[in-house]
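Colleague: In the numbering used here, the protein residues as written are 449 to 853. Pasting a structure below so you can have a look.
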Ligand SMILES: *Cc1c(COP(=O)(O)O)cnc(C)c1O
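The following block contains the structure:
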């Protein structure tokens, strides 16, 4: 059996005609930039998140960057982010002229270790970007409390977490603003690049709206930095249709996750843990296993595609080589990067595919255990990660699209 990491074609199959009609409608209207479809999608997405405003942009990176700029963050400022995230969280900060300040992640949730945020704050700190990694919300109460204490802005990086919830609230409505990506493999994906800033602050919404379109507050009056980060009309028309499916797709992901969990838990891999207060939307299903490379090789031989999100933490990326961070500084993020493996996870996945992946994982682990005691997989309690966190019940880990470069 072949199991792709993600199958968008199968996901689009049931809504293919509707999507096709929307694409033709945009073509026939001949209005390709912003316009009514974008405005309607913005209203619908803001409503979906329980926020007042949403401003469509050209990708998740731009959403993060314009949100930071809208709060006046730039040169001389510091922004706290997790060490385990996609590079965009850090580069958005860098591109504003501010400095990303990293904090290690929690060994259970793989999200920012909220107990370590305080010690990363300096007089230059202006904002925190919690990343709802893999589709699981960050423990936001302590983040918001710390931010309130130090008068900081909180911008949620919700690029992997469309529809995730935290104690009954949708991600995107908890911080001062939030950024989402519509990269095709995200839980809500466009037919190309796209992103959106969500906020309930009307001034911030107005500034992002101006910033995405050449700094115009009125036509041909360029009062803010003249960027071009507009969301295409055609993407908005696709996203409006797909948004209506999002809850159903997320439920399908959650159901796959339950199947994986029932097969894999209690065995030789560490499976994601899920708190009942957090609606995890499993953008990625990330397990931890000590001999990751051999498991990944075995699964490839069995026709199963997997991914690693991410193999190198932000501070060890070549681009950040001169940022003053060194190896060993974020031990949890570093250890995770060597042990995490993202299993196939997509809404159109068949039950027999999930079971096949699960049983292939188990077969490899029991095989390698028989073969070589030294290379056997660690038991859950043997995977010791420096427990820096005193906090945190169990929620989960998740990662990003494999087709991401
Ligand atoms: C995908 C992603 C982004 C960036 O989104 P793009 O649309 O690719 O620019 C930012 N942060 C995280 C956590 C992501 O997964």
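Where is the CB? At the ideal position from N, CA and C, for every residue including glycine.
Secondary structure at residue 823, three-state DSSP: helix, strand or coil?
Modeller: Its pLDDT being 44, under 50, residue 823 is placed unreliably in this model, and the value from its coordinates should be taken loosely. Reduced to three states, the DSSP call for residue 823 is helix.
Colleague: With residue 474 as the anchor, note down where its alpha helix (DSSP H) starts and where it stops.
Modeller: Residue 474 -> alpha helix (DSSP H) spans 464-477.
Colleague: Just list the residues that DSSP pairs residue 629 with in beta bridges.
Modeller: DSSP lists 643 as partners of residue 629.
Colleague: Under the DSSP definition of a beta bridge, which residues are partnered with residue 733?
Modeller: According to DSSP, residue 733 bridges with 791.
Colleague: Return the chain-ordered list of same chain residues with a C-beta closer than 7 Å to the C-beta of residue 572, the five sequence neighbours on each side being excluded.
Modeller: Excluding sequence neighbours, residue 572 sits near 524, 525, 526.
Colleague: Can you check whether the CB of residue 552 is closer than 9 Å to the CB of residue 562?
Modeller: No, Cβ-Cβ distance for residue 562 and residue 552 is not below 9 Å.
Colleague: Within the present structure, is the beta-carbon of residue 510 separated from the nearest heavy atom of ligand 3 by less than 8 Å?
Modeller: What this structure holds is ligand 1, not ligand 3.
Colleague: Going by CA-CA distance only, name the one from 652, 733, 518, 770 that's closest to residue 706.
Modeller: The option with the nearest alpha carbon to residue 706 is 733.
Colleague: Does DSSP put residue 502 in a helix, in a strand, or in coil?
Modeller: Of the three classes helix, strand and coil, the one that applies to residue 502 here is strand, per DSSP.
Colleague: Who are the near neighbours of residue 540 in its chain, counting only those whose CB is closer than 7 Å to its CB and skipping five residues on each side?
Modeller: Closer than 7 Å at Cβ, skipping near neighbours: 509, 512, 513, 516.
Colleague: Considering Cα atoms alone, identify which of 565, 717, 583 is closest to residue 576.
Modeller: The shortest C-alpha separation from residue 576 is found at 565.
Colleague: Are residue 936 and residue 485 closer than 9 Å when you measure CB to CB?
Modeller: This structure cannot settle anything about residue 936, because the visible part of the chain is limited to 449 through 853.
Colleague: At what residues does the beta strand (DSSP E) containing residue 601 begin and finish?
Modeller: Residues 601-605.
Colleague: Go through its chain and collect everything with a Cβ distance to residue 518's Cβ below 6 Å, but skip five positions before and after it.
Modeller: If we look at residue 518 and ignore the five residues flanking it on each side, its Cβ neighbours are 652, 655, 656.
Colleague: Quick one: give me the first and last residue of the alpha helix (DSSP H) that residue 865 is part of.
Modeller: The question about residue 865 has no answer here: the residues shown for the chain are numbered 449 through 853.
Colleague: Between the Cα of residue 765 and the Cα atoms of 497, 550, 451, which residue gives the shortest distance?
Modeller: Measuring from the Cα of residue 765, the nearest candidate turns out to be 550.
Colleague: Using the three-state DSSP reduction, which class does residue 780 fall into: helix, strand or coil?
Modeller: Correct three-state label for residue 780: helix.
Colleague: Do you know how far the Cα of residue 673 is from the Cα of residue 592?
Modeller: If I take the Cα positions, the gap works out to 29 Å.
Colleague: Note the first and the last residue of the continuous alpha helix (DSSP H) segment covering residue 591.
Modeller: Where residue 591 is concerned, the enclosing alpha helix (DSSP H) stretches over 588-598.
Colleague: Expressed to the nearest angstrom, what Euclidean distance is found between the alpha-carbon atoms of residue 596 and residue 810?
Modeller: Cα-Cα distance, rounded: 46 Å.
Colleague: Compare the Cα-Cα distances from residue 731 to each of 500, 646, 805, 720 and report the closest residue.
Modeller: Comparing Cα positions, the closest option is 720.
Colleague: Classify residue 759: buried if its beta carbon has 16 or more other beta carbons within 10 angstroms, exposed otherwise.
Modeller: Result: exposed.
Colleague: Counting pairs of Cβ atoms below 8 Å between the segment 746-754 and the segment 791-811, do you hit three or more?
Modeller: Yes, since at least three Cβ pairs between the segment 746-754 and the segment 791-811 fall closer than 8 Å, the two stretches touch.
Colleague: Quick check: residue 695 and residue 615, are their CB atoms within less than 9 Å of each other?
Modeller: No, Cβ-Cβ distance for residue 695 and residue 615 is not below 9 Å.
Colleague: For residue 529, which of 548, 542, 544, 535 has the nearest alpha-carbon?
Modeller: Checked all of 548, 542, 544, 535; the closest Cα to residue 529 is 548.
Colleague: So what's residue 454 in DSSP terms, helix, strand or just coil?
Modeller: Coil at residue 454, not helix or strand.
Colleague: On the CB-based measure, 16 or more other CB atoms within 10 Å of its CB, does residue 501 come out buried or exposed?
Modeller: Buried.
Colleague: Quick check on the DSSP output: the beta strand (DSSP E) that includes residue 722 runs from which residue to which?
Modeller: Neither: residue 722 is in no beta strand (DSSP E) and is coded neither H nor E.
Colleague: Alpha helix (DSSP H) containing residue 487: first to last residue?
Modeller: Where residue 487 is concerned, the enclosing alpha helix (DSSP H) stretches over 484-497.
Colleague: Spatial neighbours of residue 821 within its chain, please: CB distance less than 7 Å, with the 5 preceding and 5 following residues excluded, ordered by chain position.
Modeller: Since pLDDT at residue 821 reaches only 43, below the 50 mark, its modelled position is unreliable, and the value read off the structure follows with that caveat. Closer than 7 Å at the Cβ level, and outside the excluded window around residue 821, lies no residue.
Colleague: Note down, in chain order, each residue of its chain lying with its Cβ closer than 7 Å to the Cβ of residue 823, except the 5 sequence neighbours on either side.
Modeller: A caution first: residue 823 carries a pLDDT of 44, below 50, which makes its placement in the model too unreliable to give a value.
Colleague: Let me confirm a value: residue 845 is counted as buried when at least 16 other C-beta atoms fall within 10 Å, else exposed. Which label applies?
Modeller: For residue 845, the pLDDT reaches just 36, beneath the cut-off of 50, and the residue's location in the model is therefore unreliable, leaving the point undetermined.
Colleague: Report buried or exposed for residue 647, applying the criterion of at least 16 other Cβ atoms within 10 angstroms of its Cβ.
Modeller: Buried.
Colleague: If you count every other CB in all the chains shown that lies within 10 Å of the CB of residue 801, and 16 or more means buried, which is it?
Modeller: Classification of residue 801: buried, given that the 10 Å Cβ count is 16 or more.
Colleague: Is it right to say residue 464 is buried, meaning 16 or more other beta carbons lie within 10 angstroms of its own, or is it exposed?
Modeller: Result: exposed.
Colleague: Just to confirm my understanding: we take residue 497, look at its own chain, exclude 5 residues before and 5 after, and list those with CB closer than 6 Å. What are they?
Modeller: Closer than 6 Å at the Cβ level, and outside the excluded window around residue 497, lie 618, 620, 621, 646.
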